[in-house]
Amino acid sequence: MICKFKVKRLLNKYFNLYPLSVNQTEEGIIAMAKNEKERILVINGFENYGFSGEDVTIKGIKYKVCGLNHENAMALRKALSFTAPSRVLREQRSFGLGDRLGISTHGHIKLFKRYDACPIFAQQSIRELNLTERTYEDVLDCVSFNVLQDGFKKPWGADGDHLKHEDEIRYALSLGFTMLTLDCSEHIKTDVLGMSDEEVLSKTNLSGELKNKYLNQDIKVEDKAISFSEVELARCVLTYSETIEFAKKIYFEYVDGKEVDFELSIDETSTPTLPVEHYFIARELSEAGVKLVTVAPRFCGEFQKGIDYIGDLGQFEKEMKIHVAIANHFGYKLSIHSGSDKFSVFEIIGRETKGHFHVKTAGTNWLEAMKVVAKCDASLYREVHKFALSMFEEAKKYYHVTTNINNIPDVDTLADDKLVELFDNNDCRQLIHITYGFILTNKDSKGNYVFKNRLYDLWDKESEEYANMLVKHIGRHLELLYKGMGK
Ligand code: ZN
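In this text, residue positions in the sequence shown follow our numbering: the first is 4, and each later residue adds one.
Here it is as structure tokens:
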């Protein structure tokens with residue numbers, strides 16, 4: 004019989020191990036190491052899990068040295084359950100960390116070892132996948148490997164974010180994503196907003212059942228009253244009937260009885276979700292047997308990408324109270340999308356939800372990565388920045404922003420050590436925020452990436468700098484949310 008101690012001792016001696024990655028079970032040992040240029044898995048035992056790699060024998064003991072590919076990621080998730088996502092959305096509080104680059108989890112782990120909010124490390128929309136030319140396999144695998152590397156044993160989730168179509172849903176769920184965010188924007192009838200009351204009433208035939216349920220009723224959610232006029236009910240029906248049917252269909256086909264949590268997203272519309280609308284949708288779905296875990300309404304004011312909240316804080320707080328009451332009444336959490344950098348509302352969110360929230364961030368992790376570039380390689384940053392400016396008009400088609408690029412100073416007039424201050428400039432933040440896809444996929448006439456490889460090389464070299472910046476920046480989000488909870 005082979006001595007386990009010897010297996011471990013040789014591993015330590017012959018491989019450049021990540022100390023927190025060493026895991027020993029009855030089945031054998033799995034660890035992560037770094038050779039001259041890349042990370043590898045080194046495995047002893049775990050014969051029937053499907054790991055593939057090169058066999059090496061050291062002093063009579065066999066090890067398998069495996070590359071970090073999808074096949075080995077799948078085997079790893081089977082072998083060590085903490086490297087697989089789990090259903091964390093039902094927990095008291097959770098936090099989404101869209102990592103467009105596949106390099107942010109190291110910093111996120113450092114931070115989330117200190118907080119009880121459950122991280123959703125893998126969170127990506129199809130739009131982001133397309134713009135970065137990544138796959139869901141890659142998004143999930145990057146997280147699994149980083150979780151192993153840093154020995155993160157707490158549960159974490161994977162969110163198929165803003166999915167609109169069934170093929171996208173099947174794709175995410177087939178890989179084991181544990182959360183489905185259904186984007187209903189294609190089913191919300193926004194043209195109802197422009198209709199007169201007469202038109203709305205003439206187009207709707209309210210059933211007796213609906214009238215009995217919603218009209219002239221003393222409807223209470225917690226201590227708050229909600230009342231519908233006939234025209235308000237008719238507007239709800241016209242605007243959201245198709246959304247409700249769509250959500251029911253997806254829920255019963257893909258979520259009910261499966262290992263996945265369901266978030267309903269109705270935030271991608273041009274006007275805030277009214278309390279009557281939120282209540283109507285929640286009640287119709289709950290009566291149909293749809294178990295909502297989170298709902299993302301569209302809040303008042305503006306949640307633009309990568310910058311602070313724009314709007315009336317008093318009104319936000321007032322509307323937050325009623326949305327929270329509706330969510331509590333039906334037994335789900337509120338989900339706050341585009342949560343990156345919304346520092347002026349986090350305390351309100353923490354307080355009003357009593358710490359029962361899901362908050363999503365994404366682009367701000369990318370912005371911090373670009374800040375590393377501005378800090379550590381001024382000439383590369385200037386190149387990327389000028390390219391971003393040239394792509395700005397094109398990029399605006401994908402994101403709603405009010406950026407004025409005339410407010411961004413000319414990078415050639417700034418000293419190297421001033422470049423990083425561009426990330427305090429909201430117009431620059433948004434410029435870099437929305438051009439990420441163009442930057443990462445730009446190729447020269449020979450088909451070679453212009454920036455991608457140089458950027459990744461720099462991020463690899465500065466990985467600790469980046470991790471520390473994320474701890475500080477995402478940490479500021481959490482600090483404020485928790486500060487609100489304490490009140
Ligand atoms: Zn959203």
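Ideal Cβ placement from N, Cα and C applies to all residues, glycine included.
Opening and closing residue of the beta strand (DSSP E) in which residue i lies
{"i": "T364", "result": "360-364"}
{"i": "V3", "result": "No answer is possible for residue 3: it lies beyond the span of the chain, which begins at 4 and ends at 490."}
{"i": "P122", "result": "121-123"}
{"i": "L13", "result": "Careful: L13 lies outside any beta strand (DSSP E), inside the alpha helix (DSSP H) at 7-17."}
{"i": "I64", "result": "64-69"}
{"i": "S97", "result": "97-100"}
{"i": "T184", "result": "182-186"}
{"i": "H165", "result": "161-166"}
Extent of the continuous alpha helix (DSSP H) run through residue i
{"i": "N382", "result": "Per the sequence presented here, residue 382 reads as Ser, with Asn not at that position. Taken as a continuous stretch (DSSP letters only), the alpha helix (DSSP H) holding S382 covers 381-398."}
{"i": "Q152", "result": "139-152"}
{"i": "V234", "result": "233-253"}
{"i": "T444", "result": "439-444"}
{"i": "H111", "result": "108-115"}
Classification of residue i by the beta-carbon crowding that lies within 10 angstroms, buried from 16 upward
{"i": "C6", "result": "exposed"}
{"i": "R117", "result": "exposed"}
{"i": "D164", "result": "buried"}
{"i": "T135", "result": "buried"}
{"i": "P88", "result": "buried"}
{"i": "G366", "result": "buried"}
{"i": "L422", "result": "buried"}
{"i": "Y334", "result": "A small correction: the amino acid at residue 334 is Gly; Tyr does not occupy that position in the sequence shown. Answer is exposed; the Cβ neighbour count stays below 16."}
{"i": "L196", "result": "exposed"}
{"i": "Q318", "result": "exposed"}
{"i": "P300", "result": "buried"}
{"i": "Q307", "result": "buried"}
{"i": "H476", "result": "buried"}
CB-CB length for residue i against residue j, believed under 8 Å
{"i": "A120", "j": "L143", "result": "Their Cβ separation, rounded to whole angstroms, is 20 Å, which puts A120 and L143 out of contact at 8 Å."}
{"i": "G101", "j": "T364", "result": "7 Å"}
{"i": "D194", "j": "S268", "result": "Not quite, the Cβ-Cβ distance comes to about 20 Å (not below 8 Å), so this is no contact."}
{"i": "M373", "j": "I352", "result": "With 8 Å as the limit, M373 and I352 do not qualify as a contact, their Cβ atoms being about 26 Å apart."}
{"i": "V376", "j": "L383", "result": "6 Å"}
{"i": "R90", "j": "H359", "result": "Not confirmed; about 16 Å, so no contact."}
{"i": "I191", "j": "Y257", "result": "So it is not a contact: roughly 20 Å between Cβ atoms."}
{"i": "V234", "j": "V203", "result": "6 Å"}
Beta-carbon spacing of residue i, residue j below 8 Å
{"i": "Y312", "j": "K336", "result": "no"}
{"i": "A285", "j": "V298", "result": "yes"}
{"i": "N26", "j": "A34", "result": "yes"}
{"i": "I61", "j": "L13", "result": "yes"}
{"i": "N445", "j": "F390", "result": "yes"}
{"i": "G487", "j": "E350", "result": "yes"}
{"i": "L434", "j": "L392", "result": "yes"}
{"i": "N410", "j": "D430", "result": "yes"}
{"i": "L166", "j": "T184", "result": "yes"}
{"i": "C145", "j": "G105", "result": "yes"}
{"i": "R432", "j": "L370", "result": "yes"}
{"i": "F426", "j": "I408", "result": "no"}
{"i": "V263", "j": "L176", "result": "yes"}
{"i": "S147", "j": "A76", "result": "yes"}
{"i": "E266", "j": "L92", "result": "yes"}
{"i": "E74", "j": "F49", "result": "no"}
Residues near residue i in its chain [Cβ-Cβ closer than 8 Å; skip 5 each side]
{"i": "V474", "result": "G110, K113, L114"}
{"i": "A470", "result": "H109, G110, K113"}
Cβ shell of residue i (< 6 Å), same chain only, five flanking positions each side left out
{"i": "S347", "result": "D311, Y312"}
{"i": "N368", "result": "D102, S107"}
{"i": "T207", "result": "A237, V240, L241"}
{"i": "I129", "result": "E171"}
Beta-carbon contacts of residue i that lie in its chain and below 7 Å, excluding the five residues immediately before and after
{"i": "K227", "result": "I325, A328"}
{"i": "P122", "result": "F98, L100, H111, F115, W159"}
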